[in-house]
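Please read the structure below before turning to the comments.
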Amino acid sequence: MKEPKRYRYSSNGPADTSRLAEHLARLAGPGSVIGLDGDLGAGKTAFSQAFARALGVEETVNSPTFTIVKEYEGGRLPFYHMDVYRLSAEEADELGLDEYFYGTGATLVEWSSLIGELMPPERLQIRIVHEGGDARTIELEPHGEPYAGWCRILTENGVLTS
Ligand code: ADP
Ligand code: MG
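Throughout, our numbering is defined as the position within the sequence shown, counted from one, plus 4.
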C-alpha cells in the first residue's frame with residue numbers, strides 16, 4: 005500500500021483543538037474510525053469531548069480508562085469512545101472491537117497505537133504532540149477512503165496543511 009500522506013494542524017489552546025474535532029465530526033458517518041495517540045495530557049480526551057458535542061451528544065464524556073468502551077446515543081450518530089491504555093492485545097481481541105468499528109456509529113480510540121493491527125485498516129490516525137504550554141501540533145494520517153478525502157477537503161478549506 006502507498007505511504008499515507010501526513011497533514012498538520014496547529015493548536016494554540018483547547019478551543020483550537022475543539023475546532024478541528026468539530027470539522028471532523030461533520031465529516032464522520034456510520035463506521036468512521038479515528039485513532040488518537042499522544043502522551044498523557046496531550047488532549048486526546050479534550051478532542052473526544054469536542055467531537056461528541058459536535059455530533060450532538062449532550063451527556064458528559066469522560067475518559068473511559070476503566071470502562072474501556074463507552075457508548076453514547078442521542079447524537080446525529082452513535083458515538084463510541086474507547087481508551088485502550090489498560091488493555092492487553094489479547095483482552096482487546098476478546099472485546100470484539102470490530103462490532104464498534106463496523107457498526108452504525110463513529111468510534112474514537114485513545115491510545116490506538118497500543119492495539120496495533122486490531123484497528124481497522126481504513127481509519128484516520130491522529131497524533132497530538134505536546135509542544136509546551138497550550139501549544140499542540142496535531143498530525144493526521146489518513147489510511148484509505150473516506151479519510152484521505154476528508155483531509156483533502158480540510159486542506160482546501162485551509163484547516164489543515166499538508
Ligand atoms: P489526554 O486524554 O491526551 O491524556 P486530556 O484531554 O485529558 O489529555 O487533557 C488535556 C489537557 O490539556 C486538558 O486539561 C486541556 O484543557 C489542556 N490543553 C491545553 N492546551 C490544549 C490544546 N491545545 N489542545 C487540547 N488540550 C489542551
Ligand atoms: Mg484521555
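Where is the CB? At the ideal position from N, CA and C, for every residue including glycine.
Rounded to whole angstroms, what is the Cα-Cα separation between P124 and T159? Along the sequence shown, one-based indexing puts residue 124 at 120. Along the sequence shown, one-based indexing puts residue 159 at 155. For the pair P124 and T159, the Cα-to-Cα distance works out to about 24 Å.
Looking at C-alpha atoms only, which residue of V61, P34 and P68 is the closest neighbour of T49? What you label residue 49 is simply residue 45 of the sequence shown in a count that begins at 1. The residue with the shortest Cα to Cα distance from T49 is P68.
What span of residues does the alpha helix (DSSP H) with K74 cover, start to end? Numbered from 1 along the sequence shown, position 70 holds the residue referred to as residue 74. Unbroken run through K74 is the beta strand (DSSP E), V73 to Y76; no alpha helix (DSSP H).
Considering just the uninterrupted stretch of the alpha helix (DSSP H) at A110, what are its terminal residues? Residue mapping note: residue 110 aligns to position 106 of the sequence shown, counting from 1. Here A110 belongs to no alpha helix (DSSP H); instead the beta strand (DSSP E) covers A110 to E114.
Could you tell me which of D43, R131 and D138 sits nearest to E145, measuring between CA atoms? The count along the sequence shown starts at 1 and reaches residue 145 at position 141. Closest option to E145, judged by alpha-carbon separation, among D43, R131 and D138: R131.
I'd like to know whether the C-beta atoms of F70 and L112 end up nearer to each other than 8 Å. Taking the sequence shown and counting its residues from 1, one reaches residue 70 at position 66. Taking the sequence shown and counting its residues from 1, one reaches residue 112 at position 108. Against a cut-off of 8 Å, the Cβ pair of L112 and F70 comes out as no contact.
So, for A152: in the same chain, excluding its five sequence neighbours on each side, which residues have a beta-carbon less than 6 Å away from its beta-carbon? By one-based count along the sequence shown, residue 152 stands at place 148. Result list for A152: P146, in chain order.
Is S14 a contact residue of the ligand MG, with contact defined as CB to any heavy atom under 7 Å? Position 10 of the sequence shown holds residue 14. S14 has its CB no nearer than 7 Å to any heavy atom of the ligand MG.
If you draw a straight line from the C-alpha of E7 to the C-alpha of R127, how long is it? Translated into the one-based positions of the sequence shown, residue 7 becomes position 3. Translated into the one-based positions of the sequence shown, residue 127 becomes position 123. Looking at the two C-alpha atoms, the distance is approximately 14 Å.
For D87, count neighbouring Cβ atoms within 10 angstroms of its own Cβ and tell me buried if that reaches 16, exposed if not. As a working note, residue 87 is residue 83 in the sequence shown. Burial call: buried.
For L31, tell me which candidate among P150, L101 and T165 has the shortest Cα-Cα distance. Along the sequence shown, one-based indexing puts residue 31 at 27. Comparing Cα-Cα distances from L31 to each of P150, L101 and T165, the minimum goes to P150.
With DSSP collapsed to three states, give me the class of L40. Position 36 of the sequence shown, counted from the first residue, corresponds to residue 40. The three-state secondary structure of L40, taken from DSSP, is strand.
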